[in-house]
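Residue numbers (the numbering used here): 1079 to 1461. The beta-carbon is built from N, C-alpha and C at its ideal position, and this holds for glycine as well. Some notes on the structure that comes next.
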Amino acid sequence: MKVSSTLAAMQSAEAMRAAGIDVVDLGAGEPDFDTPQNIKDAAITAMLAGKTKYTAAAGTRELQKAIIEMYRRDFGAIYERNEVMATSGGKQAIFNAIVSLINPDDEVLIPKPFWVSFPEMVAFARGKAVPIETEENGFVLTAGMVRRAITPKTKLIILNSPSNPSGRVIPPAEFKEIMEVIAEKDIYAVSDECYLRFVYPPATVFSAASLRPELRKRLCIAGSFSKTYAMTGWRIGYALTNPDWTRAMLKVQGHSTSIATSISQAAAVEALNGSQESVATMLAEYSRRREWLLNALNEIPGLKCARPEGAFYAFPDVRGCLNGTVKTSERFANELLEKEQTVVTDGVGFGAEGFIRISYATSLDRLQEGVQRIKRVAERCSA
Ligand SMILES: Cc1ncc(COP(=O)(O)O)c(C=O)c1O
């Protein structure tokens, strides 16, 4: 099993900072904002009230209710309590879904570029990860691509829109067509909605939950509080799916982590039911950085960056900057780290050699400094 390349980048940055080096870290996959105060207060209140014990396996009633209510209010989707469970982060929702479903040799379709953990989780379940190429469409999956990739052994597809690492968003009409193919072929789908709220106009927030029930019979939504509410360290997420799949996932969770942390569950209730102002503030700031970053990146000779509609990543193509000694995006990323003390994540771990991921979950100042450094490396490469 591979070490996560995103975590590896974080560790390199940390080691350099510890040595007193001025590192620009554009590798981070987490918000640079603090968790909103109302959410922290809810956690403190929960602790003081003694909510520090095991909860029901699927989570507290309050949290289940808040999740169900959010999907009803925002997406018109009706879920029952036996279709929702709280998890230790969105990651565990995805893990539970894969491990409870996949038997050895089952094929799992994973559109490229993918979040690094998807194929590793499939390997854990002894399934076979089958990547789908999407570069021909600027890394946006289409129903046609899905149809062509399905074989008699296909059991599951993992969808992630907005995508980490590309930031691309599948347009809602295309998403619906994809789900029609999936329903027709009787396969399962996991929709990783970790970046659900971070989309930039004209793109709009879209959840697969809003599709008609026949199209989501075999869909599991994996949700997370990590990015939307800047709660990465709280380890809290959820899964929404049919009662059978939920029961199977509860077994996986029951024999591994048992429950999501009781205090984080209480905080998550406040995140959903409390003011959403902090989410709007974060989104506005990401939007400002994104605007600046995209223009700046596209001015660097040899570098090309498509317009990401969501998440907080840019995913430029650096193949135009490669030369005799710097032949791969991995070398390019290393060159940035070694010569310019700048951390980005090489695309190869996401299944996209030739690209690098730049996170703009960092201040505009640091982004500006980082882009200067990237420009210097790009210019040296093409000299
Ligand atoms: C695409 C994607 N899915 C899921 C996760 C998991 O998030 P968490 O487990 O913190 O909720 C991440 C985190 O980086 C992610 O980028």
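For Asp1103, the Cβ stays outside the 7 Å cut-off from all heavy atoms of ligand 1.
At a cut-off of 7 Å, the beta-carbon of Ser1269 does not count as near ligand 1: no heavy atom of the ligand is closer than that. The C-alpha of Ala1203 is placed about 5 Å away from the C-alpha of Val1177.
Its Cα nearest to that of Trp1312, the residue Lys1169 stands out among Val1102, Lys1169 and Leu1104. Boundaries for Leu1442: no beta strand (DSSP E) harbours it, while the alpha helix (DSSP H) harbouring it runs Leu1442 to Ser1460, taken from the DSSP string.
Apart from the 5 residues on each side of it in sequence, Gly1332 sits with its Cβ closer than 8 Å to the Cβ of Ala1135 in its chain, given in chain order. When secondary structure is reduced to three states using DSSP, Cys1399 falls in the helix class. One alpha carbon belongs to Phe1433, the other to Asp1424, and they sit about 7 Å apart.
Using a Cβ-Cβ distance cut-off of 8 Å, the segment 1117 to 1131 and the segment 1318 to 1337 are not in contact, since fewer than three pairs of beta carbons, one from each stretch, lie closer than that value. For the 8 Å CB-CB criterion, Ala1349 and Tyr1307 form a contact. Annotation note: the segment 1282 to 1338 contains the following uninterrupted alpha helix (DSSP H) runs of length 4 or greater, listed N- to C-terminal: 1321 to 1332. Short of 7 Å from the beta carbon of Glu1447, and not among the five residues preceding or following it, lie these beta carbons of its own chain, in chain order: Val1102.
Only residues of its own chain outside the window of five on either side were considered, and among them Ala1136, Asn1160, Glu1161, Val1162, Met1163 and Ala1317 have a CB closer than 8 Å to the CB of Thr1324, listed in chain order. If you draw a straight line from the Cα of Leu1293 to the Cα of Ile1145, it is about 20 Å long.
Set against 7 Å, the gap from the CB of Trp1193 to the closest heavy atom of ligand 1 is smaller.
By the CB criterion at 8 Å, Asp1183 and Lys1231 fall inside the cutoff.
Going by DSSP, Ser1437 is part of the beta strand (DSSP E) stretching over Ile1434 to Ser1437. The beta-carbon separation of Pro1379 and Glu1457, rounded to 7 Å, stays under the 8 Å limit for a contact.
With 16 or more other Cβ atoms from the protein chains shown falling within 10 Å of its own Cβ, Ile1265 counts as buried. By the Cβ neighbour-count rule, Asn1373 is exposed, with fewer than 16 other Cβ atoms within 10 Å of its own. Between the C-alpha atoms of Cys1459 and Ala1439 there is a straight-line separation of about 27 Å. Taking a C-beta distance under 8 Å as the contact criterion, Ile1256 and Leu1297 do not qualify as a contact pair. Within the chosen limit of 7 Å, ligand 1 reaches the beta carbon of Cys1272 through at least one heavy atom. Non-local beta-carbon contacts of Trp1370 in its own chain, meaning distances under 8 Å to residues more than five positions away in sequence, involve Leu1442, Leu1445 and Gln1446 in chain order. Not a single heavy atom of ligand 1 lies less than 7 Å from the C-beta of Lys1190. Taking 8 Å as the cut-off, the Cβ atoms of Phe1428 and Phe1192 count as close.
Beta-bridge partners of Ala1093 (DSSP): none assigned. Sixteen is the threshold: when 16 or more other Cβ atoms of the shown chains lie within 10 Å of the Cβ of Gly1205, as they do, the residue is buried.
Judged by beta-carbon spacing, Ala1346 lies within the 8 Å limit of Phe1303, meaning their Cβ atoms are closer than that value. With a minimum length of 3 residues, the unbroken runs of beta strand (DSSP E) contained wholly in the segment 1177 to 1228 fall at 1185 to 1189 and 1206 to 1210. Short of 7 Å from the beta carbon of Thr1212, and not among the five residues preceding or following it, lie these beta carbons of its own chain, in chain order: Pro1189, Lys1190, Val1218, Leu1219 and Met1223. In the DSSP assignment, the residues bridged to Thr1232 are Glu1185. With a cut-off of 7 Å, the C-beta of Asn1238 is classified as near ligand 1, since at least one heavy atom of the ligand falls inside that distance. Arg1367 has its alpha-carbon roughly 20 Å from the corresponding atom of Val1396. For ligand 1, a non-hydrogen atom lies closer than 7 Å to the CB of Asn1242.
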